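Step one of this worksheet: look at the structure below.
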Amino acid sequence: MPELPEVEVVRAGLAPAVTGATVASVTVFDERSLRRHPGPSEDFVARLVGRSFTSAVRRGKFLWLPLAPVSSKTQETRPEPHDSARFAPEAHRSPAFSAAPSEALVVHLGMSGQVLLREPGAPDDALTRIRIELSSPVHGILRMNFADQRVFGSMAIEDLTPTRDGQPGGYAGQLPVVEPVETSPALASRPPRSAPALIPRSVAHIARDPLDPAFDERAFFAALAKRRTGIKRALLDQSLISGIGNIYADEALWAARIHYDQQTGTLSRATARTLLAEVRHVLAKALGEGGTSFDAQYVNVNGASGYFSHSLNAYGQQGKPCPRCGRPIVREQFMNRGSHFCPHCQRLRR
DNA sequence: CCTCACACCTGGGTGC
DNA sequence: TGCACCCAGGTGTGAG
Numbered sequence: 021m022p023e024l025p026e027v028e029v030v031r032a033g034l035a036p037a038v039t040g041a042t043v044a045s046v047t048v049f050d051e052r053s054l055r056r057h058p059g060p061s062e063d064f065v066a067r068l069v070g071r072s073f074t075s076a077v078r079r080g081k082f083l084w085l086p087l088a089p090v091s092s093k094t095q096e097t098r099p100e101p102h103d104s105a106r107f108a109p110e111a112h113r114s115p116a117f118s119a120a121p122s123e124a125l126v127v128h129l130g131m132s133g134q135v136l137l138r139e140p141g142a143p144d145d146a147l148t149r150i151r152i153e154l155s156s157p158v159h160g161i162l163r164m165n166f167a168d169q170r171v172f173g174s175m176a177i178e179d180l181t182p183t184r185d186g187q188p189g190g191y192a193g194q195l196p197v198v199e200p201v202e203t204s205p206a207l208a209s210r211p212p213r214s215a216p217a218l219i220p221r222s223v224a225h226i227a228r229d230p231l232d233p234a235f236d237e238r239a240f241f242a243a244l245a246k247r248r249t250g251i252k253r254a255l256l257d258q259s260l261i262s263g264i265g266n267i268y269a270d271e272a273l274w275a276a277r278i279h280y281d282q283q284t285g286t287l288s289r290a291t292a293r294t295l296l297a298e299v300r301h302v303l304a305k306a307l308g309e310g311g312t313s314f315d316a317q318y319v320n321v322n323g324a325s326g327y328f329s330h331s332l333n334a335y336g337q338q339g340k341p342c343p344r345c346g347r348p349i350v351r352e353q354f355m356n357r358g359s360h361f362c363p364h365c366q367r368l369r370r
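Residue numbering for the first sequence follows the numbering used here, beginning at 21 and increasing consecutively.
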């Protein structure tokens with residue numbers, strides 16, 4: 021499931037199931053899904069079996085499950101706090117976390133990937149490319165099926181490296197609402213916890229997403245001013261801003277009344293701010309509705325669909341009246357894909 | 001360095 | 001029914 025809201029739905033569904041769970045077995049049905057893994061499938065399996073996950077982290081459309089360091093003494097899984105009540109695990113505060121994860125299972129869903137949680141023995145989902153059987157101290161035995169029609173998605177084991185800005189690598193769950201009994205201004209302004217400042221190698225070049233508190237707005241606006249390209253190209257460039265795909269690009273541009281090929285350098289700072297606000301709004305709204313799904317290809321870890329497709333104003337609405345002005349929405353071929361917009365509300369300006 | 005076209009893939013829907 | 005053709009939510013690479 022491609023864009024940020026859909027990947028976040030998967031991350032949130034996966035987190036409670038995988039956190040603290042140990043990999044019992046791995047079956048690779050299609051090696052093409054390991055395209056990004058640096059090594060043969062035997063290596064992928066060997067590096068995963070017996071390991072346990074510490075959390076589920078996401079930046080933009082990339083998802084990763086950090087692996088607890090291999091203990092030379094014992095394979096015993098440590099008790100960990102429930103995921104819904106914390107950020108990613110900390111590597112330094114408690115003695116139990118004396119060693120930070122140094123590698124992670126990196127998942128990208130591509131155009132059609134799904135991660136589905138199933139009971140053991142359940143019939144395999146169609147197009148399952150990789151099956152990972154987990155043993156969870158809370159949920160018992162679980163299957164994590166990676167299904168992918170077009171095989172643009174992938175799984176890989178990768179090293180984790182420190183983030184450039186020293187901020188958390190990505191989003192790993194809700195911050196706990198922990199109000200200090202005696203609230204001092206200094207304490208209140210400081211986040212109660214921080215995720216590890218680590219990121220998989222292949223994700224390091226991806227910009228933070230606009231829902232990340234550490235997203236660098238100034239750098240984003242500066243990059244827009246400097247670029248010589250259309251605004252939609254820029255929104256889809258994951259090294260500038262991550263998490264946006266074709267649907268939410270079209271939706272945010274419609275909301276901000278900007279033509280997809282408007283040159284980035286011509287946008288005023290105020291217009292760029294409006295656009296960023298609309299991007300955040302549309303992503304957050306879709307997240308609240310469980311993501312966008314048109315068919316069974318886009319589902320959460322239980323196979324259920326989201327509802328955001330009912331809220332689309334431009335994407336896929338060609339021929340229908342613009343919800344703002346009533347004139348028909350148009351679809352044009354752009355970047356080898358469809359661009360949906362209202363020619364009246366979203367005009368090219370020089 | 002920046003920008004852009006293209007390759008990588010399968011399966012569902014549509015129209016003849 | 002069969003079949004050609006079009007469509008699909010993404011990313012990495014390499015040419016210019």
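Glycine residues also receive a C-beta, built at the ideal position from the N, C-alpha and C atoms.
Because the structure is a prediction, the values reported are computed rather than measured.
Which whole-angstrom value is the C-beta distance of residue i and residue j, which I expect to be below 8 Å?
{"i": "P36", "j": "V126", "result": "20 Å between Cβ atoms; not a contact."}
{"i": "P230", "j": "L296", "result": "6 Å"}
{"i": "S33", "j": "V321", "result": "Correcting the residue type first, residue 33 is Gly in the shown sequence and not Ser. Indeed they touch by this definition, with Cβ atoms about 4 Å apart."}
{"i": "G186", "j": "R78", "result": "Not really, about 19 Å apart at Cβ, beyond 8 Å."}
{"i": "L273", "j": "Q366", "result": "6 Å"}
{"i": "G311", "j": "V29", "result": "5 Å"}
{"i": "Q283", "j": "G336", "result": "Their Cβ separation, rounded to whole angstroms, is 26 Å, which puts Q283 and G336 out of contact at 8 Å."}
{"i": "P89", "j": "A66", "result": "Not really, about 16 Å apart at Cβ, beyond 8 Å."}
Look at the Cβ atom of residue i, then the Cβ atom of residue j, and state whether they are nearer than 8 Å.
{"i": "I264", "j": "F240", "result": "no"}
{"i": "F49", "j": "I150", "result": "yes"}
{"i": "S325", "j": "E309", "result": "no"}
{"i": "S122", "j": "L83", "result": "no"}
{"i": "L54", "j": "A146", "result": "no"}
{"i": "S148", "j": "A124", "result": "According to the sequence provided, residue 148 is Thr. The question's Ser does not apply to it. For T148 and A124, no; Cβs fall outside 8 Å."}
{"i": "R247", "j": "A254", "result": "yes"}
{"i": "P188", "j": "P143", "result": "no"}
{"i": "K252", "j": "A227", "result": "no"}
{"i": "R163", "j": "R138", "result": "yes"}
{"i": "L375", "j": "L303", "result": "No information on residue 375 is available, as it lies outside the stretch 21 to 370 that the chain covers here."}
{"i": "L129", "j": "V46", "result": "no"}
By the three-class DSSP mapping on this structure, what secondary structure does residue i have?
{"i": "V127", "result": "strand"}
{"i": "E153", "result": "strand"}
{"i": "M355", "result": "coil"}
{"i": "N266", "result": "helix"}
{"i": "A44", "result": "strand"}
{"i": "R138", "result": "strand"}
{"i": "T39", "result": "strand"}
{"i": "E271", "result": "helix"}
{"i": "V321", "result": "coil"}
{"i": "G231", "result": "This sequence places Leu at residue 231; Gly is not what is there. Three-state DSSP puts L231 in coil, outside helix and strand."}
{"i": "P25", "result": "helix"}
{"i": "I251", "result": "helix"}
{"i": "R347", "result": "coil"}
{"i": "L368", "result": "coil"}
{"i": "F328", "result": "helix"}
{"i": "A32", "result": "helix"}
{"i": "T291", "result": "helix"}
{"i": "H301", "result": "helix"}
{"i": "E51", "result": "helix"}
{"i": "L307", "result": "helix"}
{"i": "L147", "result": "coil"}
{"i": "A176", "result": "strand"}
{"i": "R170", "result": "coil"}
{"i": "L379", "result": "No answer is possible for residue 379: it lies beyond the span of the chain, which begins at 21 and ends at 370."}
{"i": "T183", "result": "coil"}
{"i": "L218", "result": "strand"}
Given 7 Å as the limit, tell me if residue i has its C-beta closer than that to any heavy atom belonging to the ligand PLP.
{"i": "Q282", "result": "Of ligands this structure carries none, so the ligand PLP is not represented either."}
Exercise. If you pair each beta-carbon of the region 179-197 with each one of the region 145-159, do three or more pairs fall below 8 Å?
Worked result: The region 179-197 makes no contact with the region 145-159; the number of CB pairs closer than 8 Å stays below 3.
Problem set entry | Three-pair Cβ contact test at 8 Å for the region 164-174 versus the region 73-81 | Contact between the region 164-174 and the region 73-81 is absent, because fewer than three Cβ pairs lie under 8 Å.
Exercise. Mind pulling the beta strand (DSSP E) runs of 3 or more residues that sit fully within the region 57-91?
Worked result: The region 57-91 contains these whole beta strand (DSSP E) runs: 77-79 and 82-87.
Exercise. Touch check for the region 53-69 and the region 342-358: three-plus C-beta pairs under 8 Å?
Worked result: No, because fewer than three Cβ pairs between the region 53-69 and the region 342-358 fall closer than 8 Å, the two stretches do not touch.
Problem set entry | Touch test, the region 40-47 against the region 267-279, Cβ-Cβ under 8 Å, three pairs minimum | These segments do not touch.
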